[in-house]
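Residue numbers (the numbering used here): 456 to 741. Cβ atoms here follow ideal geometry from the backbone N, Cα and C, with glycine treated the same way.
Set out below in structure tokens:
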């Protein structure tokens, strides 16, 4: 029994370290948005990103720099911005793992939109404090919900006012590959179970090739060292989404029409290409 307690404590500590590391990647992606905002012909504008990223975010942005990473982060943000724009009839929106996202302030939301942001309690508390210091004005009704996304997160979401009878647009950005496969699949299935007809899911997935490619080895090592390892990827995103209760509308790889925006510098990789990292952007219906 004593050994079991020690193991449980070790697992708890490991989970806490991982949570802290993954939360820190929110500053990395904020730095990426800040860098994009400064570019000529930027794919979007996020004037709050630099302040939210802080020195740690920019240090991580340099540490994780890799061919295609900067381009993909910009493309992912623009892709999901466009999904939101095309889904104006869905006035209940949930950002799952919102991180330091500022869409509540930078996008034009239809009247009556209610936006829920879910992420780790510590990160959400820090974010709320910083947004208040910056005097941010949100363009929609917004609720920040601190919760564990591998736990019963739907309960605090409902407590915050989320209505299960209303179709929801779920945005799952930069999260699934940080979860173990069982946890990622459980999250996708829970989102489907909580949805009613008309609900939409959009986000990104990582390929299994990204977990084993020699071209990703150094980046994977640095992420693991920093307590935020990538844990799972799939080369069959359509099958995974379908198995979790979703009807796939589209799956795109960077460079394809609708997933390039003039930023991706290479032809899109064939889906059956082995040995090269690959990201997927998807939209699905319940």
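Next item on the list: Report, in whole angstroms, the separation of the C-beta atoms of residue 561 and residue 501, which I expect to be a contact under 8 Å.
Entry: 6 Å
request  = Count the other CB atoms, across all protein chains shown, that sit within 10 Å of the CB of residue 702; report buried if there are 16 or more and exposed otherwise.
outcome  = exposed
* Asked: residue 600: buried (16+ other C-beta within 10 angstroms of its C-beta) or exposed?
  -> buried
_Quick check: what's the CA-CA separation for residue 654 versus residue 643?_
13 Å
- Cβ-based burial, residue 718 [other Cβ within 10 Å; buried from 16]: buried
Check: Quick one: does residue 568 have its CB under 8 Å from some CB of chain D?
Finding: Protein chains in the displayed structure number just one, and chain D is not present.
- prompt: When DSSP labels each residue in this structure, what does residue 472 get in the three-state scheme?
  reply: Low local confidence applies: a pLDDT of 41 at residue 472 is under 50, so the model's placement there is unreliable, with the coordinate-based value given in what follows. Looking at residue 472 - three-state DSSP - the assignment turns out to be helix.
| said: Determine whether the beta carbon atoms of residue 739 and residue 686 lie at a separation below 8 Å. | reply: no
Could you round the C-beta distance between residue 623 and residue 611 to whole angstroms and report it? I think they count as a contact, below 8 Å. At roughly 15 Å, the Cβ-Cβ gap does not stay under 8 Å, so residue 623 and residue 611 are not in contact.
Margin query: When you compare the CB positions of residue 736 and residue 571, do they come within less than 8 Å of one another, or not?
Written below: no
Please work out which residues of its chain come closer than 8 Å, Cβ to Cβ, to residue 652, disregarding the five sequence neighbours upstream and downstream, and give them in chain order. 622 and 741
Would you check if the segment 511–523 and the segment 627–641 touch, i.e. whether three or more CB-CB distances between them fall below 8 Å?
-> no
### Task
List the endpoints of the continuous beta strand (DSSP E) containing residue 651.
Taken as a continuous stretch (DSSP letters only), residue 651 belongs to no beta strand (DSSP E), as it is neither H nor E.
* Asked: Shortest alpha-carbon distance to residue 605 belongs to which of 619, 489 and 575?
  -> 575
**Prompt:** Between residue 595 and residue 628, what straight-line distance do the alpha-carbon atoms span, to the nearest angstrom?
**Reply:** 20 Å
Between which two residues does the beta strand (DSSP E) containing residue 550 stretch? 547–551
field: With 16 other Cβ atoms within 10 Å as the buried cut-off, status of residue 554
entry: buried
Practice task
Could you spell out the range, first to last residue, of the alpha helix (DSSP H) harbouring residue 514?
Solution key: 504–518
### DSSP-derived helix/strand/coil call for residue 527
helix
Query - Cβ pair residue 479, residue 505 closer than 8 Å - result: no
- For residue 557, I'd like the list of residues in its chain whose CB is within less than 6 Å of its CB, leaving aside the five on either flank, ordered along the chain. 501 and 503
Problem - Cross-strand partners of residue 569 (DSSP beta bridge) - result: 547 and 596
Inter-stretch contact (C-beta, 8 Å, three-pair minimum) for the segment 577–595 and the segment 669–679: no
Checklist line | Outcome for residue 734 when other beta-carbon atoms lying within 10 angstroms are tallied against a minimum of 16 | finding: buried
- request: Between the Cα of residue 707 and those of 659, 620, 493 and 547, spot the shortest distance and give me the residue it belongs to.
  value: 659
Q | Paired residues, beta bridge with residue 740 - DSSP | A | 655 and 702
Checking 8 Å against the spacing of the C-beta atoms, do residue 716 and residue 528 come in under that value?
no
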